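Colleague: Take a look at the following structure, please.
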Amino acid sequence: MPPTRVKAIILKKINYRETSVIVHLLSDTNGKIAGLMKGVRSTQKKIPPLAYQQGSCIEAFVYLKTKPGLELVTQPSVVNSFNFSGENLILWKKMLLTIDRFVPFARFNSNGIYDILFQTGLLIPRIKDHRAIEILVTERILFELGFGPFLEKCLICGSEENLSFFSGKLGGIICSRCQSKEPTSFKLPERHIQVLRFFQKIPVSQISMIKYIPEGLFANLMKCLNEIILYHISG
Ligand SMILES: [Zn+2]
Numbered sequence: 081m082p083p084t085r086v087k088a089i090i091l092k093k094i095n096y097r098e099t100s101v102i103v104h105l106l107s108d109t110n111g112k113i114a115g116l117m118k119g120v121r122s123t124q125k126k127i128p129p130l131a132y133q134q135g136s137c138i139e140a141f142v143y144l145k146t147k148p149g150l151e152l153v154t155q156p157s158v159v160n161s162f163n164f165s166g167e168n169l170i171l172w173k174k175m176l177l178t179i180d181r182f183v184p185f186a187r188f189n190s191n192g193i194y195d196i197l198f199q200t201g202l203l204i205p206r207i208k209d210h211r212a213i214e215i216l217v218t219e220r221i222l223f224e225l226g227f228g229p230f231l232e233k234c235l236i237c238g239s240e241e242n243l244s245f246f247s248g249k250l251g252g253i254i255c256s257r258c259q260s261k262e263p264t265s266f267k268l269p270e271r272h273i274q275v276l277r278f279f280q281k282i283p284v285s286q287i288s289m290i291k292y293i294p295e296g297l298f299a300n301l302m303k304c305l306n307e308i309i310l311y312h313i314s315g
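In this note's numbering, the protein residues as written are 81 to 315.
So this is what it looks like as structure tokens:
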């Protein structure tokens with residue numbers, strides 16, 4: 081089979097043997113790929129290190145196999161290096177690791193997830209409050225993967241009233257009447273549910289308008305998302 085041209089963001093890079101690297105690629109339309117770039121660290125090949133650095137967005141050719149496993153990646157070239165430093169680099173790496181942990185190696189249309197990550201990379205230098213990025217990326221990727229959070233009605237009875245409890249196990253909100261049926265649920269202020277809804281709908285490009293997220297709100301929202309992760313994503 082001829083190689084497929086893909087755009088991808090490098091979620092993880094591991095040096096392999098003398099001159100090669102193994103990369104975890106989040107591609108735009110082919111899901112997550114475990115790729116082998118042969119000999120790229122060899123000085124004779126003259127491939128710029130940014131073309132295989134963690135966090136870079138690249139274009140490359142991938143010899144896609146029908147069975148899962150390492151796939152050969154050739155001719156990587158940089159589309160956007162997202163070459164951050166300091167606090168921005170710490171945040172970027174955290175987001176790359178989160179996505180690498182959430183997304184399985186599988187062939188699927190990963191365009192939604194890819195787009196969120198790519199736009200996040202463009203925005204990082206302009207964002208004042210890093211907590212906003214962390215909530216948005218975590219929430220949106222979970223939703224893209226089908227884990228929720230589901231926030232429109234009680235996940236047990238379907239009621240749209242008194243929605244003041246959250247269950248990571250069920251992946252969203254439940255009403256105060258059903259709360260006793262789900263012992264893992266916990267109380268969540270209604271305005272915090274509204275903020276979760278807000279993060280679900282806001283275009284990623286507009287996140288720079290969020291100036292500040294108070295610590296208590298951040299802790300509560302991340303608790304909701306972490307409960308979903310705990311029950312639905314292993315490792
Ligand atoms: Zn209910």
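The beta carbon of each residue, even a glycine, is placed where N, CA and C say it ideally should be.
Note that the structure is predicted; figures quoted are calculated from it, not measured.
If we count Cβ pairs, one from each stretch, closer than 8 Å, do we get three or more for the stretch 235 to 248 versus the stretch 198 to 214?
Modeller: The stretch 235 to 248 is not in contact with the stretch 198 to 214.
Colleague: Can you list, in chain order, the residues of its chain whose CB lies under 6 Å from that of Ile127, leaving out five sequence neighbours each side?
Modeller: Closer than 6 Å at the Cβ level, and outside the excluded window around Ile127, lie Val120.
Colleague: Within 10 angstroms of its Cβ, does Pro229 collect 16 or more other Cβ (buried), or is it exposed?
Modeller: Under this definition Pro229 is a buried residue.
Colleague: On the DSSP letters alone, give me the boundaries of the alpha helix (DSSP H) that Phe185 sits inside.
Modeller: Segment: none, Phe185 is in no alpha helix (DSSP H) and carries neither H nor E.
Colleague: Please state if the CB of Tyr132 and the CB of Val86 are separated by a distance shorter than 8 Å.
Modeller: Taking 8 Å as the Cβ cut-off, Val86 and Tyr132 do not qualify as a contacting pair.
Colleague: By how many angstroms is the C-alpha of Ile287 removed from the C-alpha of Phe245?
Modeller: Cα to Cα, the separation comes out at about 26 Å.
Colleague: Whole angstroms are fine: how far does the CA of Glu241 sit from the CA of Ala140?
Modeller: If you take the alpha carbons of Ala140 and Glu241, they lie about 50 Å apart.
Colleague: For ligand 1, is there any heavy atom lying closer than 7 Å to the beta carbon of Ser288?
Modeller: Result no, Cβ not under 7 Å from ligand 1.
Colleague: For Ser247, which of helix, strand or coil comes out of DSSP?
Modeller: The answer is strand: DSSP assigns Ser247 an E or B state.
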